[in-house]
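Chemist:
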Amino acid sequence: MKLHRYILVVLDVFLVVLSFYLAHLLRFEWVIPPENLANLVTLIPVIAGISAVTFVIVDLYNRLWEYASIQELVDIVKAVSISIGALVISVYFLNLVKLPRSTYIIAWLLGIFFIGSSRLWWRMVREYLMSRTSQSRVCVVGVSEVGVLAARLAKNEVVGFVDDDLRSQKTSIMGIPVLGTTSEIKRLINAYNIDEVVVAKAMKGQELRSLIQTCKEAKVVVKLIKEGNGGMEPKLRPVDLEDLLGRPSVTLDIESIAGYLTDRTVMVTGAGGSIGSELCRQIGRYKPRKLIALDNSENSLFELELGLRNLLPDLSLEAVLLDVKDYDRLYDCLQTHRPEVVFHAAAYKHVPMMERFPAQAWSNNVIGTRNLIDCAQKSGVKTFILISTDKAVDPANAMGASKRLCELLVMQANSVGPGTYSAVRFGNVLGSRGSVIPIFQKQIDSGGPVTVTDPDMTRYFMTIPEAVQLVIQAGAMAKGGEIFVLDMGDPVNILELAEDLVRLSGLTPGKDIEIKITGSRPGEKIAEELFNKDEELDNTGHGRIFIARNANFSRFEMERICKEFFSDCMDNPAAELKSMGIW
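The numbering of the sequence shown is this note's numbering, which starts it at 261 and goes up by one.
1) In terms of alpha-carbon separation, which member of Glu417, Val438, Val419 lies closest to Arg250?
2) Within 10 angstroms of the Cβ of Met748, are there 16 or more other Cβ atoms? Answer buried if so, exposed if not.
3) Beta-carbon within less than 7 angstroms of Val318's beta-carbon, same chain only, minus the 5 sequence neighbours each way: which residues are those?
4) Would you kindly check if the distance between the Cβ of Lys663 and the Cβ of Ile627 is under 9 angstroms?
5) How many angstroms separate the CA atom of Val481 from the CA atom of Leu504?
6) Does Val710 come out as helix, strand or coil in the three-state DSSP assignment?
7) Could you check whether Leu581 and Thr558 sit closer than 9 angstroms to each other, using their CB atoms as the reference points?
8) If you draw a straight line from the C-alpha of Glu784 to the C-alpha of Asn688, how long is it?
9) Does DSSP put Met614 in a helix, a strand or coil?
10) The alpha helix (DSSP H) that contains Val584, what's its start and end?
11) State the start and end residues of the unbroken alpha helix (DSSP H) segment that holds His284.
12) Could you tell me which of Ala758, Ile365, Ala738, Tyr720 sits nearest to Thr711, measuring between CA atoms?
13) What residue range is occupied by the uninterrupted beta strand (DSSP E) comprising Tyr608?
14) Indicate the three-state DSSP secondary structure (helix, strand or coil) for Pro437 in the structure shown.
15) With burial defined as no fewer than 16 other Cβ atoms inside 10 Å of the residue's Cβ, what is the status of Phe274: buried or exposed?
16) If I'm right that Ile552 touches His597 with Cβ under 8 angstroms, what's the distance once you round it to whole angstroms?
17) Within the continuous alpha helix (DSSP H) that includes Leu397, where are the two ends?
18) Less than 9 angstroms separating the beta-carbons of Val401 and Tyr452?
19) Could you check where the beta strand (DSSP E) with Asp798 kicks off and where it finishes?
20) Contact check, Pro751 vs Tyr720 under 8 angstroms by CB: the rounded distance?
21) In chain order, which beta strand (DSSP E) runs of at least 3 residues are fully inside the stretch 505-533?
22) Taking the alpha carbon of Glu600 as the point to measure from, which residue in Glu405, Leu665, Leu564, Pro678 has its own alpha carbon closest?
23) Quick one: what does DSSP say Ser378 is sitting in, helix, strand or coil?
24) Assuming Ile704 and Leu761 make a contact with CB atoms under 8 angstroms, what is their CB distance in whole Å?
25) Grouping DSSP H, G and I as helix and E and B as strand, with all else coil, what is Met748?
26) Just to confirm the assignment, what range does the beta strand (DSSP E) spanning Thr680 have?
27) Taking Thr649 as part of the alpha helix (DSSP H), name the residues at either end of that continuous run.
28) Measuring CB to CB, does Arg524 end up less than 9 angstroms from Arg541?
29) Do the CB positions of Ala787 and Met717 come within less than 9 angstroms of each other?
30) Just mark His264 as buried or exposed, buried being the case when its beta carbon has 16 or more other beta carbons within 10 Å.
31) Check for me: the beta strand (DSSP E) holding Val731 runs from which residue to which?
32) DSSP three-state call for Ala579: helix, strand or coil?
33) Rank Phe700, Lys547, Val611 by C-alpha distance to the C-alpha of Ile773 and give the top, closest one.
34) Check whether the stretch 374-382 and the stretch 357-366 are in contact - that is, three or more C-beta pairs closer than 8 angstroms.
35) Between the Cα of Ser432 and those of Pro305, Asp555, Gly407, Gln733, spot the shortest distance and give me the residue it belongs to.
36) Taking the beta strand (DSSP E) that Gly660 belongs to, which residues open and close that run?
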């Protein structure tokens with residue numbers, strides 16, 4: 261134990277001994293007979309020893325008493341009760357000196373009171389000292405259980421609540437008044453000298469963005485509640501970009517997902533990437549028989565394996581360093597492990613880079629996908645899910661065209677069977693390596709400028725866990741030949757995104773950090789689409805997952821395109837794909 265915990269043990273033991281002494285004073289009306297006092301003094305080592313051991317065993321010291329609540333009081337009652345009970349048993353069964361029976365009951369009550377009061381006293385002193393050292397005044401947005409929790413977690417003075425429910429106006433919670441609605445926040449900040457706003461309710465991205473802007477102009481800090489995991493206390497945290505997007509939570513059909521992942525051998529290609537690694541983490545929680553994590557990057561695979569073994573120690577994991585372009589080794593791998601489910605996330609994704617090296621886009625994305633499909637068909641794979649991209653819709657660049665051809669390969673593979681072959685198409689994910697957000701953050705950290713290619717450019721965004729949850733759910737729905745399209749919400753203006761990131765860093769766009777317009781790069785679109793004019797969008801029964809059905813490509817058309825590409829087009833794939841109408 262740490263030093264402060266030893267001090268607490270000594271304090272608690274002293275309070276128990278004091279309780280017995282006061283119990284004798286009360287029992288004998290403030291004059292303890294010498295014989296009884298001698299008996300008490302004789303038993304003090306026994307009382308101290310039993311109390312110390314009991315309190316440690318009951319784990320009275322492995323907690324943060326500044327957040328003490330009813331549960332901590334229950335634990336104190338339990339500890340004192342066990343301690344007194346053990347003392348009574350020891351005295352009577354070991355023939356030790358006897359104490360009056362009433363003193364045990366009085367000491368039990370006093371012990372609970374003294375130890376409980378010591379914890380409450382510490383909490384009150386701590387809050388008092390913090391209020392003296394910090395003059396921040398806090399306003400909590402949201403009158404609810406979460407709002408009450410936020411008020412308790414706030415380390416400074418909570419001057420009031422704000423809520424849009426008219427029924428809560430002119431009321432108070434814990435003695436703290438409801439000051440008004442969120443539309444009045446600017447006035448309330450000035451009227452009550454508020455320094456910090458804690459958001460304790462769900463807010464849409466635009467609502468939160470507006471609140472942050474108002475608070476930013478008034479030089480007021482905005483925080484949210486971070487839920488505790490694994491028994492950890494909830495905490496207040498700064499607002500991040502995911503909060504501004506306001507993405508809704510994902511509803512999953514756990515039973516259908518478990519039906520095709522639990523006790524199955526599952527392979528993930530590109531396992532070291534942003535999507536692939538999250539796929540591995542989420543699939544691992546469904547307890548597959550074995551998870552095969554395949555990647556061609558040594559460092560990424562090493563970090564993934566290390567992380568998975570720490571996160572999921574019971575997972576049967578096989579990390580495979582392999583390139584999907586290496587057909588022979590890929591075939592041997594699938595023949596050896598015989599996966600029943602394959603998630604194909606291995607791909608080159610950076611548009612400007614692939615414009616400079618289009619042959620690598622064809623080689624890695626297209627040839628790699630063809631290799632994997634062929635090996636999967638020969639190895640008895642039952643479910644094959646391709647991770648696609650919105651850049652495959654009416655592609656304007658080599659990367660998008662290569663992924664569009666990958667979608668056609670998957671549909672063509674499903675048409676000849678056996679197995680279920682489908683694709684899942686979605687837009688950008690927040691925080692993936694090399695994507696716009698980490699680039700912006702590095703530019704902000706270095707003092708700017710933040711470079712935006714076009715002020716009108718928009719992109720679809722979702723979080724990595726959200727995308728992967730929906731990919732896994734789509735896999736459970738797959739019957740074969742579908743291109744699933746995920747609901748990405750509204751497109752996000754990249755210039756506004758850059759400005760939001762600057763503000764989240766506590767800076768002002770255009771003043772502290774310059775935002776520079778550089779012009780579009782080769783292959784970039786101003787706006788991406790999730791399906792093209794030749795596709796019909798069908799519902800799946802899940803509100804966040806749709807199916808894009810292509811009306812213009814029959815099975816024979818897909819087979820013709822794939823055959824022509826691989827037999828005639830590899831010398832000049834770009835020109836041939838354009839002539840086929842794919843690019």
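We treat Cβ as the ideally placed atom computed from N, Cα and C, and that holds for glycine.
Modeler: Short version:
1) Nothing can be reported for residue 250, as the shown portion of the chain is limited to 261 through 843.
2) buried
3) Asp335, Lys338, Ala339, Ile342
4) No, the Cβ-Cβ distance between Ile627 and Lys663 is not below 9 angstroms.
5) Rounded to whole angstroms, Val481 to Leu504 spans 15 angstroms at the Cα level.
6) strand
7) Reading off the sequence, residue 558 comes out as Glu, not Thr. Yes, they are a contact pair.
8) Per the coordinates, the alpha-carbon of Glu784 lies some 14 angstroms from the alpha-carbon of Asn688.
9) helix
10) Careful: Val584 lies outside any alpha helix (DSSP H) and carries neither H nor E.
11) Residues 263-287.
12) Ala758
13) Where Tyr608 is concerned, there is no enclosing beta strand (DSSP E), given that its DSSP letter is neither H nor E.
14) strand
15) exposed
16) With a Cβ gap of about 5 angstroms, Ile552 and His597 count as contacting.
17) Leu is not the amino acid found at residue 397; the sequence shown has Arg there. Run containing Arg397: none in the alpha helix (DSSP H); it sits in the beta strand (DSSP E), 397-401.
18) If you check the CB distance, Val401 and Tyr452 do not come in under 9 angstroms.
19) 795-799
20) 5 angstroms
21) Taken in chain order, the complete beta strand (DSSP E) segments of 3 or more residues contained in the stretch 505-533 are 525-529.
22) Pro678
23) helix
24) 6 angstroms
25) coil
26) 680-686
27) It is not in any alpha helix (DSSP H) - Thr649 instead sits in the beta strand (DSSP E) that spans 643-649.
28) At a Cβ-Cβ threshold of 9 angstroms, Arg524 and Arg541 do not count as neighbours.
29) yes
30) Exposed, by the Cβ-count rule.
31) Run containing Val731: none in the beta strand (DSSP E); it sits in the alpha helix (DSSP H), 724-737.
32) strand
33) Phe700
34) Flag = no, the stretch 374-382 and the stretch 357-366 do not touch.
35) Gly407
36) Not the beta strand (DSSP E): Gly660 falls in the alpha helix (DSSP H), residues 658-676.
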